[in-house]
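A.B. asks: Structure provided below as structure tokens; questions to follow.
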RNA sequence: UGGGAUAUCGCCAAGCGGUAAGGCAGCGGGUUUUGAUCUCGCCAUUCCCAGGUUCAAAUCCUGGUAUCCCAGCCA
């Protein structure tokens with residue numbers, strides 16, 4: 190296998206190791222099989238990293254296959270966005286993109302094969318009757334009246350279905366398995382239904398479309414998939430997966446293995462709920478930075494590397510799980526701490542006037558772009574008599590815990606001088622508007638000569654040289670860890686999931702950062718310019734805050 | 001007595017009969033011109049419960065308990 194012994198193992202790797210050791214397959218072939226009916230989310234990322242990751246580590250292959258058997262719900266736009274997201278995540282599928290619809294001809298032939306073997310029949314029960322005949326979880330179902338129609342007649346009937354001579358819903362093709370099975374999916378599952386709808390890949394060639402259970406196993410076999418990985422809710426379906434392959438003339442035998450899907454605290458993962466959030470305008474589209482979609486996370490500033498690391502850290506098992514947000518945040522912090530430049534921005538500014546600093550003077554201070562990594566270089570930051578600091582970084586009087594600016598006390602301006610607060614001005618509402626300070630000219634790059642050392646360091650931006658900006662402060666979308674468990678998940682939306690800071694001011698160097706390029710606003714967190722940001726109208730998104738461990742009480 | 005799965009630290013997760021890895025979180029110390037980073041240390045005599053087998057059990061057996069999934073012509 191691989192050189193990196195610290196790579197976490199999992200039960201699927203154990204299975205592959207065993208299969209390889211026994212010579213069951215010469216190599217490993219997986220697939221990622223999304224239905225093109227929505228945007229990919231972080232739960233899909235888990236599956237993508239698993240399937241493509243396995244292929245990479247075992248020098249095997251991984252296909253991208255659109256499971257497009259239900260044209261009513263699918264759309265070509267999704268097949269495009271899904272490909273983009275997979276590529277952005279850093280993976281490359283083997284060969285051409287595959288579609289289940291590529292195999293419609295073969296699928297039809299295998300269905301005929303089943304009919305000829307007396308193992309499939311055309312059923313004329315309507316949807317409601319089908320449900321009644323199916324029985325319940327505890328009671329067996331009963332056979333369809335047409336279950337024993339002759340092979341010849343079934344062949345003719347199925348032909349008519351294909352030729353559009355039957356009405357939608359009038360009849361369907363069913364496998365003849367066992368109406369008394371304790372696996373509901375084995376009670377003569379429907380193989381084909383009639384739908385007179387246009388398909389994004391096959392246009393109007395077909396009016397009968399195969400169902401998932403019939404399609405997936407055969408598609409896997411046709412593509413030579415060795416390990417077909419899916420989520421836990423398909424565990425029962427494995428019986429019909431195997432039954433189909435056992436009863437048609439296909440030599441290769443893929444095997445299905447199930448793992449638990451990802452659940453993340455304070456968000457929802459189902460396509461339906463995600464869709465509700467968008468259509469009910471609780472968020473601004475599928476790529477809203479608060480969405481757990483790949484597109485949303487990307488716009489939020491998450492990197493593909495951080496997402497891959499996250500998928501590695503959470504592991505793959507069959508246990509139901511609920512991952513803490515902290516796990517995801519730790520991944521992006523690790524990445525951005527090492528890979529993003531630092532800069533300064535003041536989100537909620539108050540003015541500081543340095544009374545003993547020359548009026549009109551603009552001093553360019555050279556500041557490191559990264560405290561540990563010199564390869565990030567240095568930049569010039571303008572310092573002036575009037576600067577802006579964060580409102581919460583000044584108090585008239587503090588306590589031993591408060592390490593910021595306080596009247597008659599000193600604080601270090603990051604990358605600049607030590608200043609001492611003398612007095613301040615408030616508006617009619619009592620809000621501090623201006624703090625008057627003095628600075629010690631001899632503290633650039635060194636401590637005051639009197640031997641004192643300010644205990645605090647605060648960030649700042651020149652009032653005259655800084656650039657105005659809007660900063661989107663994003664927070665968790667919901668107020669409870671598991672919104673999906675609520676009767677109405679929209680009732681627990683976090684009203685403060687987005688706070689727009691419209692009076693923010695950023696240092697000039699930030700004016701021409703590319704969209705999506707990460708930067709750390711010192712002491713505040715990691716940010717990136719939004720898609721909509723322009724040099725004249727700067728907009729930044731907060732990706733994640735800095736880790737915050739001090740006792741705020 | 002429908003069936004299928006799962007139970008190891010607050011959250012993830014290794015472990016596959018030889019005496020409980022690791023990550024995240026948390027807690028304490030050090031460094032620091034980011035209350036960040038980095039760094040050092042601590043953090044399950046115990047593996048859902050109860051019996052049993054064994055020199056030895058989280059791992060095997062028996063019986064319970066809890067949770068999740070299955071009755072779309074969705075995937």
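Numbering (our numbering), first residue to last: 190 to 742.
For every residue, glycine included, the Cβ atom is placed at its ideal position computed from N, Cα and C.
1) Can you tell me where the alpha helix (DSSP H) with residue 186 in it begins and where it stops?
2) List, from N- to C-terminal side, the beta strand (DSSP E) runs of 3 residues or more that fit wholly inside the region 600 to 670.
3) May I have a chain-ordered list of the beta strand (DSSP E) segments no shorter than 3 residues that lie completely inside the region 705 to 733?
4) Nearest CA to the CA of residue 362: which residue from 492, 347, 356, 369?
5) Near residue 479, what residues of its chain come up, given a Cβ to Cβ distance below 6 Å and the 5 sequence neighbours on each side ignored?
6) Please specify which runs of the beta strand (DSSP E), each continuous and at least 3 residues long, are wholly inside the region 530 to 585, giving them in chain order.
7) Quick check: the region 502 to 517 against the region 614 to 621, are at least 3 beta-carbon pairs closer than 8 Å?
8) So, residue 533 versus residue 454, is the Cβ gap smaller than 8 Å?
9) With distances taken Cα to Cα, identify the nearest neighbour of residue 322 among 315, 331, 316.
10) Give the range of the alpha helix (DSSP H) segment to which residue 250 is assigned.
11) What is the DSSP secondary structure of residue 198, reduced to helix, strand or coil?
12) Span of the beta strand (DSSP E) holding residue 247?
13) Can you check DSSP and say which residues form a bridge with residue 594?
14) Between which residues of its own chain and residue 733 is the CB-CB distance below 7 Å, once the five residues before and five after are set aside?
15) So, does the region 242 to 261 touch the region 281 to 289, judging by three or more C-beta pairs under 8 Å?
16) With DSSP collapsed to three states, give me the class of residue 509.
17) Can you tell me the Cβ-Cβ gap for residue 556 and residue 570, rounded? I've got them flagged as a contact below 8 Å.
18) Between residue 384 and residue 435, what straight-line distance do the alpha-carbon atoms span, to the nearest angstrom?
19) List, from N- to C-terminal side, the beta strand (DSSP E) runs of 3 residues or more that fit wholly inside the region 324 to 396.
20) Between which two residues does the alpha helix (DSSP H) holding residue 514 run?
21) Here's a check: name, in chain order, each residue in its chain whose Cβ is nearer than 6 Å to the Cβ of residue 466, leaving out the five neighbours to either side.
22) Given a cut-off of 8 Å on the beta-carbon distance, is the pair residue 142 and residue 710 in contact?
23) Please report how far the alpha carbon of residue 495 lies from the alpha carbon of residue 526, in whole angstroms.
C.D. replies: Checking against the coordinates, here is how it stands:
1) Missing from the structure shown is residue 186; the chain here goes from 190 to 742 and no further.
2) 607 to 615, 621 to 629, 649 to 651, 656 to 663
3) 708 to 710, 714 to 718
4) 347
5) 472, 663, 666, 686
6) 530 to 532, 538 to 543, 552 to 557, 567 to 572, 575 to 579
7) no
8) no
9) 331
10) Segment 250 to 255 is the beta strand (DSSP E) holding residue 250; no alpha helix (DSSP H) there.
11) coil
12) First-last for residue 247: undefined, no H or E at that position.
13) 583
14) 518, 521, 522, 714, 715
15) yes
16) coil
17) 5 Å
18) 28 Å
19) 361 to 364, 379 to 383
20) 514 to 528
21) 472
22) Limits of the chain in this structure are 190 at one end and 742 at the other, which puts residue 142 out of reach.
23) 11 Å
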